[in-house]
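*Asks:* The numbering used here applies: residue 21 is where the sequence shown begins, and numbers increase by one. Cβ coordinates follow ideal geometry from the N, Cα and C atoms, glycine included. Note that the coordinates shown come from a computational prediction; the quantities given were computed from them, not determined experimentally.
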Amino acid sequence: MKEIPVTCPSLPPMDEYIKEIESIWDTRILTNMGEKHRKLQERLKEYLDADKIDLFVNGHSSIELTLEAMDLKGEVITTPFTFASTTNAIVRKGLTPVFCDINYDDFTIDVSKIEKLITDKTCAILPVHVYGNVCNVREIARIAEKYGLKVIYDAAHAFGVRYKGKGIGSFGDASCFSFHATKVFNTIEGGAVCFSDDELGSKINCLKNFGIQRLDDVDMTGTNAKLNEFSAAMGLCNLRHIDSEIGKRKAVYEHYMKRLGGIEGIKLLKIQEDTDSNYIYFPVVFEEEKLGFGRDDVKSELSKYGVCARKYFYPLTSRLKCFGDKYASQPTPIAQYVSERVLSLPLYAQLSTADVDKICDIILKLVI
Ligand SMILES: *Cc1c(COP(=O)(O)O)cnc(C)c1O
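1) What does a CB cutoff of less than 8 Å around Glu313 pick up in its chain, not counting 5 residues either side in sequence?
2) Where Thr295 and Gly180 are concerned, what is the direct C-alpha to C-alpha distance, given to the nearest angstrom?
3) Let me know the secondary structure DSSP gives Lys186 once reduced to three states.
4) Taking Cβ to Cβ, would you say Thr142 is nearer than 8 Å to Leu169?
5) Enumerate, from N- to C-terminal direction, the unbroken alpha helix (DSSP H) stretches of 4 or more residues contained entirely within the region 48-85.
6) Under 6 Å from any heavy atom of ligand 1, by CB: list those residues in chain order, please.
7) With 16 other CB atoms within 10 Å as the buried threshold, where does Ser132 fall?
8) What residues are listed by DSSP as bridge partners for Pro335?
9) In whole angstroms, give me the CA-to-CA distance for Lys136 and Ile97.
10) Using only the alpha-carbon positions, how far apart do Val304 and Glu42 sit?
11) For the region 174-253, which segments carrying the beta strand (DSSP E) assignment without a break, of at least 3 residues, lie completely within its bounds, in sequence order?
12) Between the C-alpha atoms of Phe230 and Ser82, what's the straight-line distance to the nearest angstrom?
13) Please list, in chain order, all residues of the same chain as Tyr332 whose beta carbon is under 6 Å from its beta carbon, the five residues on each side excluded.
14) Are three or more beta carbon pairs between the region 178-192 and the region 65-72 nearer than 8 Å?
15) Could you say which of Gln233, Leu75 and Glu36 lies nearest to Asn248 if we only look at CA atoms?
16) Starting from Ile138, trace the beta strand (DSSP E) in both directions and tell me its first and last residue.
17) Taking the runs of the beta strand (DSSP E) that are 3 residues or longer, which of them lie wholly in the region 92-142?
18) Mapping DSSP to helix, strand and coil, what is Ile145?
19) So, at 8 Å on beta carbons, what are the nonlocal neighbours of Gly94 in its own chain, with the 5 sequence-adjacent residues on each side left out?
20) Assign Leu256 to one of three DSSP states: helix, strand, or coil.
21) According to DSSP, is Val272 part of a helix, a strand, or is it coil?
22) Kindly indicate which residue of Gly344, Thr139, Ser198 and Ile382 has the alpha-carbon position closest to the one of Asp317.
23) Does the structure place the region 251-261 close enough to the region 199-219 that three or more beta carbon pairs sit under 8 Å?
24) Distance, Cα to Cα, Ala271 vs Gln233?
25) To the nearest angstrom, how far is the alpha carbon of Ile44 from that of Lys59?
26) Looking at C-alpha atoms only, which residue of Leu256, Pro33, Gly152 and Lys378 is the closest neighbour of Gln292?
27) According to DSSP, which residues form a beta bridge with Ile160?
28) Measuring alpha carbon to alpha carbon, tell me which residue in Tyr273, Thr337 and Gly255 is nearest Glu55.
29) So the alpha helix (DSSP H) Leu384 belongs to, where does it begin and stop?
30) When you compare only the Cα positions, how much space is there between Pro29 and Gly221?
31) Can you give me the Cβ contacts of Phe302 inside the same chain, cut-off strictly under 6 Å, excluding the 5 residues immediately before and after it?
32) What residue from Asp237, Ala212 and Pro147 has the CA that sits closest to Lys246's CA?
33) Could you give the DSSP three-state label for Phe313: helix, strand or coil?
34) Starting from Val305 and walking both ways along the beta strand (DSSP E), at which residues does that stretch end?
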């Protein structure tokens, strides 16, 4: 039986990559912000509409080092409907996550519930552009300004998304991206942070390179989070094909919508108004009280046919074992409801229409 994975990394044609890395044998510069790094940085800055950008070894360290460079202390308002990385970064930097609920409509932070969570310890808001859906950036900016808070977006899902014509790298004090193999755009492993403040940028840049800014001394207790030249070369290649990759994803998304749309109890991801999506995931909320079966039934039925679907996101990060019961009592009923019912179906550029049909047939058989 042919297996259908939930995701599949994009790769450029092999000879294109080989051509891209050839010059590395001349320069012998393998890392430490070489030519590939500089080129990729420039191209991404433009693509993401960023004022400034810095590249990282992965998305997670871009979040951690941004929090560190901002010198934050106290509480950070965030959502538990995300990948462990978001919450781990907050806790690993000695900060306390305060969990805000999400909208049922688009799964991003419910901005009407943020102000009630603000205390004199609140220092920042760290919302997630989950599944490529754009947070209510205007309202978040208003609240942040009113209370003097920093805004750091976890934009790991939102590479290439545009909102009202503006690139996703242009919002908040910083936006953190992941270029992991499974994301819309990859550098094998990698990440970036977009920002506009020069002082913040120089701190972030210093922290990713051991805190070294000059010869013979170290200014900050930094770490090593540099993106190497082979990864940057992969990024340069993948970026040339990004529009066509997103186009192929869009076709898969549209076929799913055609087959699964309009069924009572099956909630699909709508593309937000004024937004160019990147079609990163195809999450489906199976409202079991209406359907008579739940997402676990769908998951196990699909797996019988070799189709891998993922409970993305389950559990909520507020309930992860590593946090014990420290945060589990914070009520986020909508996030809880969704995490118990959501299943992400396979979506990647190479997924064929026939495979989408096969997946939809299996699900639709359960409905009847
Ligand atoms: C992938 C991801 C990250 C972490 O990125 P890495 O590049 O894997 O370190 C952070 N947040 C979210 C929401 C993600 O999906």
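*Replies:* Checking against the coordinates, here is how it stands:
1) Here the sequence assigns Phe to residue 313, which means Glu is not the residue at that position. The answer, listed in chain order, is Phe306 and Leu386.
2) Each residue's alpha carbon lies about 11 Å from the other.
3) Annotated three-state conformation of Lys186 is strand, per DSSP.
4) Yes; because the gap between Cβ atoms is below 8 Å, this pair is in contact.
5) Segments of the alpha helix (DSSP H) lying fully in the region 48-85: 55-67.
6) Of all residues, those with a beta-carbon under 6 Å from at least one heavy atom of ligand 1 are Asn78, Gly79, His80, Thr102, Phe103, Ser105, Thr106, Val148, Asp174, Ala176, His177, Ser198, His200 and Gly211, reported in chain order.
7) Label assigned to Ser132: exposed.
8) Answer is none; Pro335 lacks a bridge partner.
9) Roughly 11 Å between the two C-alpha positions.
10) CA-to-CA, the gap between Val304 and Glu42 works out to about 43 Å.
11) As far as the region 174-253 is concerned, its whole beta strand (DSSP E) runs of at least 3 residues are 194-198 and 211-215.
12) Each residue's alpha carbon lies about 14 Å from the other.
13) Contacts found: Ser364.
14) With three or more CB-CB distances shorter than 8 Å, the region 178-192 counts as touching the region 65-72.
15) Of the listed residues, the one whose Cα sits closest to Asn248 is Leu75.
16) It is not in any beta strand (DSSP E) - Ile138 carries neither H nor E in the DSSP assignment.
17) As far as the region 92-142 is concerned, its whole beta strand (DSSP E) runs of at least 3 residues are 95-98 and 116-119.
18) Residue state, collapsed to three classes: strand.
19) Residues of the same chain with a CB within less than 8 Å of the CB of Gly94, apart from the 5 flanking positions on each side, are Leu115, Thr116, Lys141, Thr142 and Cys143 in chain order.
20) In this structure, Leu256 counts as helix in the three-state DSSP scheme.
21) Val272: helix per DSSP, three-state reduction.
22) Across the set Gly344, Thr139, Ser198 and Ile382, the C-alpha of Ile382 shows the shortest separation from the C-alpha of Asp317.
23) Here the region 199-219 lies against the region 251-261, with 3 or more beta-carbon pairs under 8 Å apart.
24) Approximately 47 Å, taken between the alpha carbons.
25) Whole-angstrom Cα-Cα distance: 14 Å.
26) Out of Leu256, Pro33, Gly152 and Lys378, Gly152 has the C-alpha closest to the C-alpha of Gln292.
27) DSSP output for Ile160 lists no bridge partner at all.
28) Nearest option by C-alpha distance: Gly255.
29) Here the alpha helix (DSSP H) through Leu384 covers Thr373 to Val387.
30) Across the structure, Pro29 and Gly221 are spaced so that their CA atoms are roughly 30 Å apart.
31) Closer than 6 Å at the Cβ level, and outside the excluded window around Phe302, lie Tyr276, Leu365 and Leu367.
32) Lys246 has its Cα closest to that of Ala212, out of Asp237, Ala212 and Pro147.
33) Secondary structure of Phe313 (DSSP, three-state): coil.
34) Looking at the DSSP string, the run of the beta strand (DSSP E) that includes Val305 is Phe302 to Phe306.
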